[in-house]
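Student: Can you keep this structure in mind? I'll have questions shortly.
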Amino acid sequence: MAYNVEKSDQEWREELTPDEYAVLRQAGTEPAFVGEYTDTKTKGVYNCRACGAELFTSETKFESHCGWPSFFDPKDSDAVELIEDRSHGMVRTEVRCANCGSHLGHVFAGEGYATPTDQRYCINSISVRLVPDDES
Ligand SMILES: [Zn+2]
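Structure follows, in structure tokens:
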């Protein structure tokens, strides 16, 4: 599909750090429990680190203890794009930024978390950037 933000691979490489590029543009996964937002409780909005689109808010962030920032719902239903991912011998649902197509993480459902949606958007810290409410 066509995204609002379309850049060449070369442009992404120049704009992102190697670690950001590996996750956002090559669908990598940062190691568990090391991401800067894993346990963050600061109120604010999480923007796409590649294009700045608003993706998640602290209102839907919850403690999943899975090692990555977890949200039970995106900020807006059309903020993210969900794609079936059959890599690594599993059937998962990949979560991408709907504005630029960058990889954010995966969404899992029916795990029994006590959240309104029973969904866990498992998002790489390095894919997003928190803008605290008091700075916006
Ligand atoms: Zn984006």
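Read in order, the letters of the sequence shown correspond to residues 2 to 137 in the numbering used here.
C-beta: ideal position from N, C-alpha, C; glycine also.
Quick caveat: nothing in here was measured; it's all calculated off a predicted structure.
#1: List, from N- to C-terminal side, the beta strand (DSSP E) runs of 3 residues or more that fit wholly inside the region 40 to 97.
#2: Taking 5 Å as the limit, name every residue whose beta carbon sits nearer than that to some heavy atom of ligand 1, in sequence order.
#3: Can you give the beta carbon distance from residue 22 to residue 100, rounded, assuming they're within the 8 Å contact cut?
#4: Is the distance from the Cβ of residue 103 to the Cβ of residue 33 below 9 Å?
#5: With DSSP as the reference, label residue 3 as helix, strand or coil.
#6: Between residue 73 and residue 125, what straight-line distance do the alpha-carbon atoms span, to the nearest angstrom?
#7: Put residue 23 into one of helix, strand or coil per three-state DSSP.
#8: Got a sec? Which residues, its chain only, sit under 7 Å from residue 75 by beta carbon, not counting five neighbours each side?
#9: Identify the continuous alpha helix (DSSP H) that holds residue 12 and give its terminal residues.
#10: Is the beta carbon of residue 45 less than 9 Å from the beta carbon of residue 134?
#11: CB-CB under 7 Å to residue 68, same chain, minus the five flanking residues each way: which ones, in chain order?
#12: Quick one: Cα of residue 60 to Cα of residue 17, how far?
Tutor: According to the structure data:
#1: 45 to 49, 55 to 58, 81 to 86
#2: 49, 51, 52, 54, 98, 100, 101, 103
#3: One-based indexing of the sequence shown puts residue 22 at position 21. One-based indexing of the sequence shown puts residue 100 at position 99. About 17 Å; that fails the 8 Å criterion.
#4: On the sequence shown, position 102 is the one that residue 103 refers to. On the sequence shown, position 32 is the one that residue 33 refers to. Against a cut-off of 9 Å, the Cβ pair of residue 33 and residue 103 comes out as no contact.
#5: Position 2 of the sequence shown, counted from the first residue, corresponds to residue 3. It is coil, neither helix nor strand.
#6: Taking the sequence shown and counting its residues from 1, the one referred to as residue 73 is at position 72. Taking the sequence shown and counting its residues from 1, the one referred to as residue 125 is at position 124. Distance between the alpha carbons of residue 73 and residue 125 is about 14 Å.
#7: To locate residue 23, count along the sequence shown from 1; it is residue 22. In this structure, residue 23 counts as helix in the three-state DSSP scheme.
#8: Here residue 75 refers to the residue found at position 74 when the sequence shown is read from its first residue. These residues qualify, in order along the chain: 56, 57, 81, 122.
#9: Start at 1 with the first residue of the sequence shown, and residue 12 comes out as number 11. Note, residue 12: alpha helix (DSSP H), 10 to 16.
#10: On the sequence shown, residue 45 is found 44 positions in, with the first residue counted as 1. On the sequence shown, residue 134 is found 133 positions in, with the first residue counted as 1. Contact flag set, yes.
#11: Here residue 68 is taken as the residue at index 67 of the sequence shown, counted from 1. Result list for residue 68: 33, 34, 39, in chain order.
#12: Start at 1 with the first residue of the sequence shown, and residue 60 comes out as number 59. Start at 1 with the first residue of the sequence shown, and residue 17 comes out as number 16. Approximately 28 Å, taken between the alpha carbons.
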